[in-house]
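Comments concern the structure below.
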Amino acid sequence: MGGTETGGNPAPPPADPALLLADFVNTLDVESATDEITTPAGLAGWLAGRGLVPEGAGAADADVRIAVALREGLREAMEAHHGSNEADIPDDLEDVLAALPLRVTLAGPRPALVPLDPSGAAAGVARIAAAVMDSVAAGTWPRLKTCQVDTCRWAFLDTSKNRSRSWCSMKVCGNRAKTRAYRARRRAPA
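When we follow this note's numbering, the leftmost residue of the sequence shown carries the number 1, and every step to the right adds one.
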């Protein structure tokens, strides 16, 4: 999806902001304990690979800390989507969002949030935060959830008609959860 437009500007982010947000949250694979954005180079590469910053854009340790805080705040917010629609936004997420260099622009077909400085990792992380608003506008924000299996917590877009999906995959996590519940019922005293 990455690439750059002429002039070194980043290509537009993916068309579906919800998928970008899920992809970002999934930079940490809880089950295998692998994290794609633990270093400045890893963060810059991930952002460039999604067209959020130009190839070769720089990143610093502070950018990594902000990106990780944003990711974990988004994961917590997505976990809350399994409950009521009035779930509180985590305080840490509010703090990270408030610190990102974003502004409103009226250029284009509708108002949008854009980074103050269009280059560098901070701009890429700001574009991810702006994707939250785009996801809200598209109606997909409350459908972004995390797998309810504690060892997984993979982010996914719930496309079920009644918005009741609990697992990232019925074949893997859903099957494991149902098997555990079945075994627990069988072990229960009569």
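Just so it is clear, CB atoms sit at the ideal spot from N, CA and C, and this is done for glycine as well.
query, result
"Any idea what DSSP makes of Arg-176, helix, strand or coil?", "helix"
"Ala-11 by DSSP, collapsed to three states: which one?", "The pLDDT assigned to Ala-11 is 44, lower than 50, so where the model puts this residue is not dependable; a value taken from the coordinates is nonetheless given after this. Here Ala-11 sits in coil by DSSP."
"Among the candidates Leu-52, Leu-106, Ala-77 and Ala-98, whose CA atom is the shortest distance from the CA of Gly-120?", "Leu-52"
"Does the beta-carbon of Thr-105 have 16 or more other beta-carbons within 10 angstroms, so that it is buried, or is it exposed?", "exposed"
"Helix, strand or coil: how does DSSP classify Leu-102 here?", "strand"
"Measure the alpha-carbon distance for Asp-23 versus Arg-110 and round it to whole angstroms.", "25 angstroms"
"Assign Pro-17 to one of three DSSP states: helix, strand, or coil.", "helix"
"With DSSP as the reference, label Asp-35 as helix, strand or coil.", "strand"
"Can you give me the Cβ contacts of Leu-97 inside the same chain, cut-off strictly under 7 angstroms, excluding the 5 residues immediately before and after it?", "Ala-129"
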